[in-house]
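*Asks:* The following block contains the structure, expressed as structure tokens.
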Amino acid sequence: MAHIKKYLGEIPVYLVLCLFFVISFFPVFYTFMSSFKSNMDILTTGNLLIPKEFVVDNYVKAWQLADFKTYTGNSIFLAFFCVVGTVFSSTICGYVFSRAAFKGKEIIFYFMISSMFVSLGTLTLYPLLMIMKVFHLNKSLWGVVIIRVFGMNVTNLFIARGFINSVPKEIDEAAKIDGCSFAGIYYRIIFPLCKPLIATVGILSFRSAWNDYMLPMVFTMTDPRRMPLVVGIMHLKSSGDAASSWNFMLAGTAISLIPMITIYIMFNRYFISGMTSGAVKG
Amino acid sequence: MMTQGDKAANKHMKSDNVQAMLMIAPFLIGFILFGYVPIIYILRYAFTDFGGFGECKFTGIANFVRIIKRDPDFWQSLLNAFLLAAGKLAVEIPLALGLAVLLNRKIRGMNFFRVTLFLPSIISAVIIGLIFSLLFASHNGMINAILMNAGLIAKPINWFNTKWKAMFILGLASVWQNYGINMIFFLMALQSIPQELYDCASIDGAKGIKGFFYVIFPVIAPIFQSILLVAIVGSLKICDLVIACTNGQPGGTTEVVMTYIYKSFFGKSGRNIEVGYASAMSLVTAVFLGLVTVVYLRATKKLKEIV
Chain A
1 MAHIKKYLGE IPVYLVLCLF FVISFFPVFY TFMSSFKSNM DILTTGNLLI PKEFVVDNYV
61 KAWQLADFKT YTGNSIFLAF FCVVGTVFSS TICGYVFSRA AFKGKEIIFY FMISSMFVSL
121 GTLTLYPLLM IMKVFHLNKS LWGVVIIRVF GMNVTNLFIA RGFINSVPKE IDEAAKIDGC
181 SFAGIYYRII FPLCKPLIAT VGILSFRSAW NDYMLPMVFT MTDPRRMPLV VGIMHLKSSG
241 DAASSWNFML AGTAISLIPM ITIYIMFNRY FISGMTSGAV KG
Chain B
283 MMTQGDKAAN KHMKSDNVQA MLMIAPFLIG FILFGYVPII YILRYAFTDF GGFGECKFTG
343 IANFVRIIKR DPDFWQSLLN AFLLAAGKLA VEIPLALGLA VLLNRKIRGM NFFRVTLFLP
403 SIISAVIIGL IFSLLFASHN GMINAILMNA GLIAKPINWF NTKWKAMFIL GLASVWQNYG
463 INMIFFLMAL QSIPQELYDC ASIDGAKGIK GFFYVIFPVI APIFQSILLV AIVGSLKICD
523 LVIACTNGQP GGTTEVVMTY IYKSFFGKSG RNIEVGYASA MSLVTAVFLG LVTVVYLRAT
583 KKLKEIV
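These protein sequence lines are chains A and B, in that order.
Residue numbers 1 to 282, in the numbering used here, belong to the letters of the first sequence in order.
Residue numbers 283 to 589, in the numbering used here, belong to the letters of the second sequence in order.
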């Protein structure tokens, strides 16, 4: 009885949480539902949540005619290389900052994390484009990949260093006695031990690469065939026939949401722990 | 005298250090190239009339004079960013804290709510901007339909035809995007508090909201300070969401500082490409952002000292 009473007392809590569940979920649900509407229905019966008839054609046409096939391919390309690159860059940097003993290591570390306070976001887009122009990478997604991987995300650096600090030093000392070099310890011992770290950093970098807009946008401004999904959707919106292509835009939006949400449902633990561990270090 | 063994160990250590430096070098170079060189670039062009192509002339402080004297739109966009940040954080932070307190209860189903309430935080800001512009569309938007069915309004509201209505939607979209992550931050802070403290609070009769502010809040105050700083700076730098949702419409009145400067750099929305002038505006904005951080840290010093 006491058990039941306890839960009865929590009913207001559940009600509030359910309300916010609906608020969080509704816009996404609405997007998916609208993506099955014909363009006519989007423009005239926006007030109906469930489409009068489900039009799968939107997806087929968006995929073939509105170039979402290319956009999706570009997004996968961008996300793949950003994830692989970031996994290596953050484990390598985390390992060096955790284990190396050379002079000036601390200074370099603080130099790197100090950039958190001078990050200017959108303001540095133009200079970044100009820097990449020197290497002739200003018109391809490779430029974005290189900036994202070598520009080092401070959050990932924090997470990686923290994780590798928690790996017992005895393990690599034993390897050292067996004649393993510094780099050898990294790829024989530390890297294989870093699976949870790789999952966290990989998922975080997938999220930011998949959702990234401004940087890939300025790098693909002149060539729509190189645009990733999010950029492509906005390109469609700003192009002249925006009103007649809302159905493509919604189908494209759904296409961009599906992989993200699937991965989130599968790995939400890593998402939540990863996004918080770097930020709240007081 | 070093023994043979010491020498070998020494040599070993040296080669280890060389390896470590070689491993970090590419990232350090990339870091300087992409983190600091852009700042030098901006500093260099802020005092010129560079237009993106061809020659550029040193113009001294002319750009800054223009910002101060002849560009009310820039100040308007800066003010908009501040207003938007203040308005949305006034809702978002208490909301996130309240939800975190609810989620911190040890009852069934909390993990489900934690995962679902966090969902908006994984979606691209651009997609969120698009979804909200559609939800609030005037003649075929879902929100107008709901309000009309509920009998709250007689005819559809055009949400995007005045500045304040459009700003309201931007704020709403931004709260929707970010409350989940701040909620999780607060939840982490709450979970780091030992159970004994909650017990003590309830023994002393400090229950409910009063108990929270007297006993629990002081403990999480330092973390609260960092979360709020991250939220403030993040909100002031809002960009993607605005571009996707209103793109400065109606008539450039919802332009925020980041979109305004971006458009000057790249000559968007009918503006000329003015790299020099945009660099100068970037510098001014950077100074403002820095000032906000400094003032904030001073003003909230107390939060850190409580514990």
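Where a beta carbon is used, it is the ideal one built from N, C-alpha and C, also for glycine.
Can you give the Cα-Cα distance for residue 381(B) and residue 304(B), rounded to whole angstroms?
*Replies:* Distance between the alpha carbons of residue 381(B) and residue 304(B): 47 Å.
*Asks:* Any contact between the stretch 251-264 of chain A and the stretch 37-44 of chain A? By contact I mean 3 or more CB pairs, one from each, below 8 Å.
*Replies:* These segments do not touch.
*Asks:* Three-state secondary structure (DSSP) at residue 364(B)?
*Replies:* In the structure shown, residue 364(B) sits in a helix (DSSP, three-state: H, G or I).
*Asks:* May I ask which residues mark the beginning and end of the alpha helix (DSSP H) holding residue 400(B)?
*Replies:* It spans 392-400 - the alpha helix (DSSP H) in which residue 400(B) sits, taken as one unbroken run.
*Asks:* If you measure from the beta carbon of residue 330(B) to each beta carbon in chain A, is any gap under 9 Å?
*Replies:* Closer than 9 Å: no.
*Asks:* Output, in chain order, the set of chain B residues within a Cβ distance shorter than 7 Å of residue 182(A).
*Replies:* Result: 298, 301, 302.
*Asks:* Taking only three categories from DSSP, how would you classify residue 191(A)?
*Replies:* In this structure, residue 191(A) counts as helix in the three-state DSSP scheme.
*Asks:* Within this structure, are the beta carbons of residue 540(B) and residue 123(A) separated by less than 9 Å?
*Replies:* In contact: residue 540(B) and residue 123(A) (Cβ atoms closer than 9 Å).
*Asks:* Interface residues of chain B around residue 53(A) at Cβ under 7 Å?
*Replies:* Result: empty, since nearest Cβ-Cβ is about 17 Å, beyond 7 Å.
*Asks:* Under the rule that 16 or more other beta-carbon atoms within 10 Å means buried, what is residue 426(B), buried or exposed?
*Replies:* Per the 10 Å Cβ criterion, buried.
*Asks:* Taking 9 Å as the cut-off, decide whether the C-beta atoms of residue 229(A) and residue 28(A) are in contact.
*Replies:* No, these two residues do not count as a Cβ contact at 9 Å.
*Asks:* Using only alpha-carbon positions, find the residue among 54(A), 121(A), 96(A), 50(A) that is nearest to residue 308(B).
*Replies:* The residue with the shortest Cα to Cα distance from residue 308(B) is 96(A).
*Asks:* Compare the beta carbon distance of residue 406(B) and residue 522(B) with 9 Å and say whether it is the shorter of the two.
*Replies:* Yes.
*Asks:* Would you tell me roughly how many angstroms separate the C-alpha atoms of residue 209(A) and residue 169(A), rounded to the nearest one?
*Replies:* When rounded, the distance between both Cα atoms is 33 Å.
*Asks:* Could you tell me whether the stretch 189-208 of chain A touches the stretch 500-512 of chain B, using the rule of 3 or more Cβ pairs below 8 Å?
*Replies:* With the cut-off at 8 Å, the stretch 189-208 of chain A and the stretch 500-512 of chain B do not touch.
*Asks:* Cβ of residue 561(B) within 8 Å of any heavy atom in the ligand GTP?
*Replies:* Of ligands this structure carries none, so the ligand GTP is not represented either.
*Asks:* For residue 26(A), name the three-state secondary structure that DSSP assigns.
*Replies:* In the structure shown, residue 26(A) sits in a helix (DSSP, three-state: H, G or I).
*Asks:* Which stretch, first to last residue, makes up the alpha helix (DSSP H) that contains residue 441(B)?
*Replies:* It is not in any alpha helix (DSSP H) - residue 441(B) carries neither H nor E in the DSSP assignment.
*Asks:* For residue 320(A), which three-state DSSP category applies?
*Replies:* Beyond the ends of chain A as shown, which are 1 and 282, falls residue 320(A); an answer cannot be given.
*Asks:* Assign residue 541(B) to one of three DSSP states: helix, strand, or coil.
*Replies:* It is helical.
*Asks:* Chain B beta carbons: is any one of them nearer than 9 Å to that of residue 212(A)?
*Replies:* Judged by the 9 Å Cβ criterion, residue 212(A) is in contact with chain B.
*Asks:* Just how far apart, CA to CA, sit residue 462(B) and residue 35(A)?
*Replies:* The alpha-carbon atoms of residue 462(B) and residue 35(A) are separated by roughly 25 Å.
*Asks:* Below 8 Å between beta carbons is the criterion; list the residues of the stretch 30-45 of chain A that meet it against any residue of chain B, in chain order.
*Replies:* Going along the stretch 30-45 of chain A in chain order, one finds 30, 31, 34, 42, 43, 44, 45 with a Cβ nearer than 8 Å to chain B.
*Asks:* Work out the CA separation of residue 569(B) and residue 599(B) for me, nearest whole Å.
*Replies:* Residue 599(B) falls outside the range modelled here, since chain B spans only 283 to 589, and no answer is possible.
*Asks:* My guess is that residue 400(B) and residue 272(A) are in contact by the Cβ rule of under 8 Å, so how many angstroms apart are they, rounded?
*Replies:* Confirmed, about 6 Å.
*Asks:* Using a beta-carbon distance cut-off of less than 7 Å, what residues from the stretch 510-544 of chain B approach chain A?
*Replies:* Hits within the stretch, in order: 512, 519, 521, 522, 526, 540, 543, 544.
*Asks:* Taking 9 Å as the threshold (beta carbon to beta carbon), is residue 397(B) in contact with chain A?
*Replies:* Closer than 9 Å: yes.
*Asks:* Taking 9 Å as the CB-CB cut-off, is residue 405(B) touching chain A?
*Replies:* It does: the Cβ of residue 405(B) has a partner Cβ on chain A nearer than 9 Å.
*Asks:* Hey, does residue 564(B) have any beta-carbon neighbour from chain A nearer than 9 Å?
*Replies:* Closer than 9 Å to some Cβ of chain A, the Cβ of residue 564(B) qualifies, so yes.
*Asks:* Please report how far the alpha carbon of residue 369(B) lies from the alpha carbon of residue 107(A), in whole angstroms.
*Replies:* Cα-Cα distance, rounded: 39 Å.
*Asks:* If you draw a straight line from the C-alpha of residue 141(A) to the C-alpha of residue 483(B), how long is it?
*Replies:* Spanning the two alpha carbons is a distance of roughly 55 Å.
*Asks:* Among the candidates 362(B), 428(B), 333(B), 441(B), whose CA atom is the shortest distance from the CA of residue 557(B)?
*Replies:* Looking at the Cα atoms, 333(B) is the closest of the given residues.
*Asks:* Measure the Cβ-Cβ separation of residue 498(B) and residue 469(B) and say whether it is below 9 Å.
*Replies:* No. Outside cutoff.
*Asks:* Classify residue 340(B) as helix, strand or coil using the three-state DSSP reduction.
*Replies:* Three-state result, residue 340(B): strand.
*Asks:* When burial is assigned at 16 or more other CB atoms within 10 Å of the CB, is residue 56(A) buried or exposed?
*Replies:* So residue 56(A) ends up on the exposed side.
*Asks:* Could you list the residues in the stretch 153-167 of chain A with a C-beta less than 7 Å from some C-beta on chain B, going in chain order?
*Replies:* Going along the stretch 153-167 of chain A in chain order, one finds no residue with a Cβ nearer than 7 Å to chain B.
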